[in-house]
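A.B. asks: Shown below is the structure under consideration.
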Amino acid sequence: MTRTTIVAAAFVLAASTAMAGEHFGRESIEKSGYQGPETCEECHPGTAKAFLDTVHWKHESKVTNVDGIDPKKPYGMKNRIYVMCNGNDIVNNLKEIPKSPETGKTKFSGCNTCHPGNHLSDVGSTGPEAEKAIDCLVCHSSDYDFSKRKPYKDEQGRIVMGQDRSTKAALAIGKPSVKNCMVCHEAAGGGYVVKRGFSFTKDTDVHAAKGMVCVDCHKAKHHKIPTGLDPNNWANDGVRISCADASCHGDKPHKDADLNRHIAKIACQTCHIPRTGGAFAKDFTVWTQTADKFYEPTTLKKEANETTPVYAWYNGTVANTPHFIGPKGSRKDGKSKIMPFKIFQGKAFYNAKSGELLSMDFAPPMASGDTRGGVESAARTLGLKNPEQVAKSAVPGWQTIYFGSNHLVTKGKALSCANCHAPNGVLNFKNLGYSDKEIVRLTTPELYLKQLVEKQKEEW
Amino acid sequence: MKKTISTLFVAAVVALGLASSACAEDVKFVGVITKIEIAGKDAKTATATVKDNGSGTPVLVTVNDDLTLDKFKDHRIVEGDEIRCKYETAAGKNVSKLFRKTAGC
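If you read the protein sequences in the order shown, they are chains A and B.
Residues 1 to 460 (this note's numbering) are what the first sequence spells out, left to right.
Residues 1001 to 1105 (this note's numbering) are what the second sequence spells out, left to right.
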């Protein structure tokens, strides 16, 4: 039988097996075992090659909505320099860090552990070897043994990122569950919900409570996973999603016309995501020693839903300077909406001459707290002139980042009239560009008294 | 009537409050897991031994929440991991209310 006939036959049969909720390829994999993506390619030809062209493999893409960068060049976690991570896949490449002077022990560390390759075929690699290295199962298996997904040294002394390639794992194929996505997204930025501050459980998100999973919204074709316009999520596969997409809620989701009228100026997230969480400040210039005697960036953080967002007008374009990454927009541009953001401030080293933010290789500071050593190593990797001098003269400074706040959705705790239209409301109308006269009009119970009295009657 | 209910309610809260401060105060600590005992795929509970970084003494923690149990089962959390834990002591057991790895990427 030719490959095409196998596939054709498979698809015909799929219709009947799909109902049982079991992956059609199961029997074949059970017979021949799992050899990696080649096994899947028998019935899903071209998948691996296409995957190499996605953000999840490349950690970068061209970015057209951000100031101060070259629209012809790719940007992402591979090469960006900002203060949530300060390292990136290039300067903080996975390696064995120097021995701790106190314990003589070492460990593996690197940004590119959040990548579905094996490190030998690393972020952005191409060709047949890269295709073979993809960890399909980390996103598709519900029976993955994560103790295998960790770095180790092979016989040749190369650092390899392990994978579970067992047949057992390959027999449990399905569309990605929350867990599959959260393998990487939950601990991004250096620990539980540190980076984005969102968990996705029945207690923290209405969609999770309804049994929805990440890919019910982030529906992907050819592995191009859609994203939104978070000012700090630059790399994208050219596909976007928004709460107001017609396929989700559309732009008139409420029975209450008063609420629907707000949608022209106020994003859904503003009312439906009243809280945020995660890290709100980090210091990369001084690391803190932990119990194992290694060091970690000094970090202040909270749980999901434990901090309040900031509100700003946002038109989808992004201001980007060494000291600020955040939304652009205004009340008057006709395109902006008021949106909530998770605010984060980080301290790191700046180039004394150019004022640019410098990046850091985590290996030196992690071993001994030597943060300038980390700056020097990164400067050397990036080919800066005189790395030693760059590190020695570097000056500490702060950068403020506005992260999108797009999960932790609530219905019951959604902001209501009086949360905003009151003198002590959550929105700072003055900062948002409203005149004193308008503010008087916007902060009176006149706007909602009748309505809320009716509601109050219903409640009691 | 309304008043009686609220008085009763206050009394109940006070009573509970006293009871809990006697034996059920949350304890928080950071430590390294030395042992995880879990009885198979369908287990509804597990016991982890965690060496408290502060005191160096091993603490036995009972874990009942599904999310953490699942992380034990598929080895997202394994022996040797450092974790942050909050527990409450009830019926002689330290029942976990939060059990999270400290590390990330």
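Glycine residues also receive a C-beta, built at the ideal position from the N, C-alpha and C atoms.
Please say whether Ala-391 (chain A) and Met-339 (chain A) have beta carbons closer to each other than 7 Å?
C.D. replies: Not in contact: Met-339 (chain A) and Ala-391 (chain A) (Cβ atoms no closer than 7 Å).
A.B. asks: Using a Cβ-Cβ cut-off of less than 7 Å, give me the residues of the stretch 100 to 113 of chain A that come near chain B, in sequence order.
C.D. replies: Cys-111 and Thr-113
A.B. asks: In angstroms with no decimal places, state the Cα-to-Cα distance between Gly-1040 (chain B) and Lys-1073 (chain B).
C.D. replies: Each residue's alpha carbon lies about 8 Å from the other.
A.B. asks: For a quick check, are the C-beta atoms of Lys-1093 (chain B) and Thr-1062 (chain B) less than 7 Å apart?
C.D. replies: Lys-1093 (chain B) is a Cβ neighbour of Thr-1062 (chain B), given a cutoff of 7 Å.
A.B. asks: Can you name, in chain order, every residue of its own chain whose Cβ lies under 8 Å from the Cβ of Arg-240 (chain A), other than the five neighbours on each side?
C.D. replies: Pro-226, Thr-227, Gly-228 and Leu-229
A.B. asks: Suppose the cutoff is 8 Å on Cβ atoms and the five residues either side in sequence are ignored; what does the same chain contact list for Tyr-350 (chain A) look like?
C.D. replies: Pro-322, Glu-356, Leu-357, Leu-358, Ala-394, Val-395, Pro-396 and Gly-397
A.B. asks: Does the distance from the C-beta atom of Val-55 (chain A) to that of Asp-237 (chain A) stay below 7 Å?
C.D. replies: Going by C-beta atoms, Val-55 (chain A) is nearer than 7 Å to Asp-237 (chain A).
A.B. asks: On the three-state DSSP scale, how would you describe Ala-1039 (chain B)?
C.D. replies: Here Ala-1039 (chain B) carries a coil assignment [DSSP, helix/strand/coil].
A.B. asks: In or out: Pro-309 (chain A) buried (at least 16 other Cβ within 10 Å) or exposed?
C.D. replies: buried
A.B. asks: Along the beta strand (DSSP E) that carries Pro-1058 (chain B), what are the first and last residues, could you check?
C.D. replies: 1058 to 1063
A.B. asks: Among the residues of its own chain, which have a CB less than 7 Å from the CB of Ser-405 (chain A), if the five just before and after it don't count?
C.D. replies: Beyond the five residues adjoining it in sequence on each side, Ser-405 (chain A) comes within less than 7 Å, by CB distance, of Gln-269, Ile-273, Thr-276, Pro-309, Pro-340, Phe-341 and Lys-342 in the same chain, given in chain order.
A.B. asks: Taking only beta-carbon positions, decide if Val-206 (chain A) is within less than 7 Å of chain B.
C.D. replies: no
A.B. asks: Name the chain A residues that come within less than 8 Å of Glu-1025 (chain B), Cβ to Cβ?
C.D. replies: The premise fails here: Glu-1025 (chain B) is roughly 19 Å from chain A at the closest Cβ pair, so nothing lies under 8 Å.
A.B. asks: Residues of chain A with CB under 8 Å from Val-1030 (chain B), in chain order?
C.D. replies: Contact of Val-1030 (chain B) with chain A by beta-carbon distance below 8 Å involves Ala-291.
A.B. asks: Measuring only the C-alpha atoms, how far is Pro-253 (chain A) from Gly-412 (chain A)?
C.D. replies: 15 Å
A.B. asks: Taking Cβ to Cβ, would you say Asp-283 (chain A) is nearer than 7 Å to Thr-298 (chain A)?
C.D. replies: yes
A.B. asks: If you run the structure through DSSP and keep just helix, strand and coil, what is Trp-313 (chain A)?
C.D. replies: strand
A.B. asks: Kindly indicate if chain A contains any beta-carbon less than 7 Å away from that of Ser-1021 (chain B).
C.D. replies: At Ser-1021 (chain B), the pLDDT of 42 sits below 50, so the modelled position is not reliable; the number obtained from the coordinates is stated separately. Closer than 7 Å: no.
A.B. asks: For His-407 (chain A), does the count of other Cβ atoms within 10 angstroms reach 16, so buried, or fall short, so exposed?
C.D. replies: buried
A.B. asks: Tell me whether the beta-carbon of Cys-114 (chain A) lies closer than 7 Å to the beta-carbon of Cys-184 (chain A).
C.D. replies: yes
A.B. asks: Check whether chain A comes within 7 Å of Thr-1057 (chain B), counting only Cβ atoms and requiring the distance to be less than that.
C.D. replies: Answer no: the Cβ-Cβ gap between Thr-1057 (chain B) and chain A never drops below 7 Å.
A.B. asks: Distance, Cα to Cα, Val-178 (chain A) vs His-218 (chain A)?
C.D. replies: 11 Å
A.B. asks: Is it true that the CB of Thr-285 (chain A) sits closer than 7 Å to the CB of Lys-347 (chain A)?
C.D. replies: yes
A.B. asks: For Thr-298 (chain A) and chain B, any beta-carbon pair shorter than 7 Å?
C.D. replies: no
A.B. asks: Would you say Glu-459 (chain A) faces chain B, with C-beta separation under 7 Å as the test?
C.D. replies: The beta-carbon of Glu-459 (chain A) is placed no less than 7 Å from the nearest beta-carbon of chain B.
A.B. asks: Work out the CA separation of Val-206 (chain A) and Pro-101 (chain A) for me, nearest whole Å.
C.D. replies: 48 Å
A.B. asks: Strictly below 8 Å CB to CB, what residues from chain A border Glu-1037 (chain B)?
C.D. replies: Chain A residues near Glu-1037 (chain B): none, gap ~16 Å exceeds 8 Å.
A.B. asks: Any Cβ of chain A within less than 7 Å of the Cβ of Cys-1085 (chain B)?
C.D. replies: no
A.B. asks: Mind pulling the chain B residues with CB within less than 9 Å of Ala-187 (chain A)?
C.D. replies: Lys-1101, Ala-1103, Gly-1104 and Cys-1105
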